[in-house]
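Notes for the one structure printed next.
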Amino acid sequence: MILSKNDFLKARDFILTNARMIERRLFEFHFANGDMNGVFHAVYAYRNPDGGFGHGMEPDTASPESQPLFSIMALETLDEVGCLTKEIILKDFMPYFESITTEKGGVPWMFKPKSDYPCEGHFKTVKEWAALSTTAPLLGFLEKYDIDIPWMKKAEEFVWSEFERIKDTHVFCYLCVPRWLTFLRYTKSQDEAKKTINDLRNWISNNGTIYEDKTDEGWGLYGKPHSLNYAPSSESILYSLFSKKTIESDIEELINRQKEDGRWGTWYGISEGTKLEWAGIQTLWVLKVLKNYGRIEK
Numbered sequence: 003m004i005l006s007k008n009d010f011l012k013a014r015d016f017i018l019t020n021a022r023m024i025e026r027r028l029f030e031f032h033f034a035n036g037d038m039n040g041v042f043h044a045v046y047a048y049r050n051p052d053g054g055f056g057h058g059m060e061p062d063t064a065s066p067e068s069q070p071l072f073s074i075m076a077l078e079t080l081d082e083v084g085c086l087t088k089e090i091i092l093k094d095f096m097p098y099f100e101s102i103t104t105e106k107g108g109v110p111w112m113f114k115p116k117s118d119y120p121c122e123g124h125f126k127t128v129k130e131w132a133a134l135s136t137t138a139p140l141l142g143f144l145e146k147y148d149i150d151i152p153w154m155k156k157a158e159e160f161v162w163s164e165f166e167r168i169k170d171t172h173v174f175c176y177l178c179v180p181r182w183l184t185f186l187r188y189t190k191s192q193d194e195a196k197k198t199i200n201d202l203r204n205w206i207s208n209n210g211t212i213y214e215d216k217t218d219e220g221w222g223l224y225g226k227p228h229s230l231n232y233a234p235s236s237e238s239i240l241y242s243l244f245s246k247k248t249i250e251s252d253i254e255e256l257i258n259r260q261k262e263d264g265r266w267g268t269w270y271g272i273s274e275g276t277k278l279e280w281a282g283i284q285t286l287w288v289l290k291v292l293k294n295y296g297r298i299e300k
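For what it's worth, our numbering labels the leading residue of the sequence shown as 3, then goes sequentially.
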């Protein structure tokens with residue numbers, strides 16, 4: 003099954019008329035031969051004087067305050083389009099990350115807002131301790147771009163200890179697992195990495211992580227992942243975890259879930275505007291997955 007040209011154009015038009023500038027520039031990059039510089043400038047619009055990224059880079063908050071997670075998202079986006087460099091990481095990112103590193107050597111996931119800007123409730127109750135899902139990808143990018151700085155030693159010790167501590171308790175989070183894999187792909191400790199990847203495969207396979215109920219409107223959203231959340235392309239580390247039949251079935255279901263206005267929706271959003279922003283993020287994600295699998299009509 004493929005997404006028809008007409009339905010692709012409907013998705014394009016939804017993004018261009020409803021999504022944020024960053025999704026519009028990413029769409030242009032991936033589907034219209036866009037320049038990576040447009041993405042670079044869209045990302046840096048979220049940057050603060052302290053070097054961190056804020057301003058609702060994830061639309062669950064309207065606060066301008068810097069958040070570690072948003073700064074990781076900025077790194078991921080720059081890497082996605084090929085404009086991340088060793089110099090950018092060291093100059094524009096590491097001073098912020100080093101300034102918020104905890105005594106354990108890791109970077110927190112998020113901070114509680116100091117402002118009264120609108121935000122989802124989970125921002126107000128967040129635990130501000132060091133987290134695997136921010137520290138691991140940061141280390142992964144440092145390794146990928148051949149960076150060796152003293153900060154990395156204690157951070158890596160923290161990451162391995164966190165893998166051992168949390169085990170399978172968070173594998174349901176398809177936003178976190180790819181960030182762990184960024185580290186596991188690039189770390190020099192490949193023997194340990196291969197063991198951890200094998201553990202991840204077993205945990206995802208054996209504890210009911212994959213959500214089977216395709217009649218549920220929440221299928222594929224947070225807490226209810228499908229195969230494509232873990233294997234968004236055939237090049238994904240976890241791709242071989244799933245049968246061809248499962249991948250095909252999930253692609254078909256994903257295509258069928260497109261709305262009449264071209265979007266793929268979510269339940270996320272603190273306002274009507276941010277609901278559209280989340281839909282823009284989700285729609286772009288689906289289009290990238292379908293492109294990866296060659297499922298968009300030429």
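Just so it is clear, CB atoms sit at the ideal spot from N, CA and C, and this is done for glycine as well.
_Closest residue to glycine 225 among Ile102, Ser238, Ser236 and Gly210 (Cα-Cα distance)_ = Each of Ile102, Ser238, Ser236 and Gly210 was checked against the Cα of glycine 225, and the nearest Cα belongs to Gly210.
*With respect to the alpha helix (DSSP H) encompassing asparagine 35, which residues constitute its N-terminal and C-terminal limits?*
Asparagine 35 -> no alpha helix (DSSP H), and no H or E assigned at all.
*Taking 8 Å as the threshold, find out whether the segment 148 to 157 comes into contact with the segment 116 to 123 through three or more Cβ pairs.*
Counting Cβ pairs under 8 Å, fewer than three are found: no touch.
*Could you pull out every residue in the same chain whose Cβ sits closer than 8 Å to the Cβ of tryptophan 205, ignoring the five residues on either side in sequence?*
So the list reads Lys169, Asp170, Val173 and Thr211, once near-sequence residues are dropped.
*Go through its chain and collect everything with a Cβ distance to leucine 183's Cβ below 6 Å, but skip five positions before and after it.*
Result list for leucine 183: Ile239, in chain order.
_Give the list of continuous alpha helix (DSSP H) stretches no shorter than 4 residues that lie fully inside the segment 175 to 221._
The segment 175 to 221 contains these whole alpha helix (DSSP H) runs: 179 to 188 and 192 to 208.
*Three-state class that DSSP yields for threonine 104 in the structure shown*: If DSSP states are grouped into helix, strand and coil, threonine 104 belongs with coil.
*Give me whichever residues DSSP pairs with threonine 137 in a beta bridge.*
BP columns for threonine 137 are empty, so no partner.
*Assign proline 110 to one of three DSSP states: helix, strand, or coil.*
For proline 110, the secondary structure class from DSSP, reduced to helix, strand or coil, is strand.
*asked:* What ranges does the alpha helix (DSSP H) occupy inside the segment 37 to 106, keeping only unbroken runs of at least 4 residues that lie completely in it?
replied: Whole alpha helix (DSSP H) segments, 4+ residues: 38 to 46, 70 to 82 and 96 to 101.
*Within the chosen definition, does the segment 89 to 97 reach the segment 130 to 137 through at least 3 CB pairs nearer than 8 Å?*
Taking a cut-off of 8 Å on C-beta distances, the segment 89 to 97 does not touch the segment 130 to 137, as fewer than three cross pairs fall below it.
*Which whole-angstrom value describes the C-beta separation of tyrosine 48 and phenylalanine 72, a residue pair presumed to lie in contact below a C-beta threshold of 8 Å?*
About 7 Å; that satisfies the 8 Å criterion.
*Best match in Met38, Asn20 and Ile298 for proximity to leucine 80 [C-alpha to C-alpha]*: Just measuring C-alpha positions, the residue of Met38, Asn20 and Ile298 sitting nearest leucine 80 is Met38.
*asked:* I need the DSSP call for isoleucine 149, collapsed to helix, strand or coil.
replied: The answer is coil: DSSP assigns isoleucine 149 none of H, G, I, E or B.
*When Val161, Lys300 and Tyr176 are compared against isoleucine 185, the one with the closest alpha-carbon*: The residue asked about is misnamed: residue 185 is phenylalanine in this sequence, not isoleucine. Nearest C-alpha to phenylalanine 185 among Val161, Lys300 and Tyr176: Val161.
_Per-residue DSSP class, three states only, for leucine 240_ = Three-state DSSP puts leucine 240 in coil, outside helix and strand.
*If you check the beta carbons only, do tyrosine 147 and lysine 88 fall under 7 Å apart?*
Taking 7 Å as the Cβ cut-off, tyrosine 147 and lysine 88 qualify as a contacting pair.
*Shortest alpha-carbon distance to valine 83 belongs to which of Phe33, Lys156 and Pro180?*
The shortest CA-to-CA distance from valine 83 to any of Phe33, Lys156 and Pro180 is the one to Phe33.
*asked:* According to DSSP, simplified to helix, strand and coil, what is alanine 132?
replied: Looking at alanine 132 - three-state DSSP - the assignment turns out to be strand.
*Measure the CB-CB distance between glutamine 284 and aspartate 9 and report whether it falls below 7 Å.*
Aspartate 9 sits away from glutamine 284, with the two beta carbons spaced by 7 Å or more.
*Would leucine 289 pass as a contact of alanine 64 if the rule is Cβ separation under 7 Å?*
At a Cβ-Cβ threshold of 7 Å, leucine 289 and alanine 64 do not count as neighbours.
*asked:* Among Glu254, Tyr98 and Thr19, whose alpha-carbon lies nearest the alpha-carbon of glycine 56?
replied: Closest in C-alpha terms to glycine 56, from the list Glu254, Tyr98 and Thr19, comes Tyr98.
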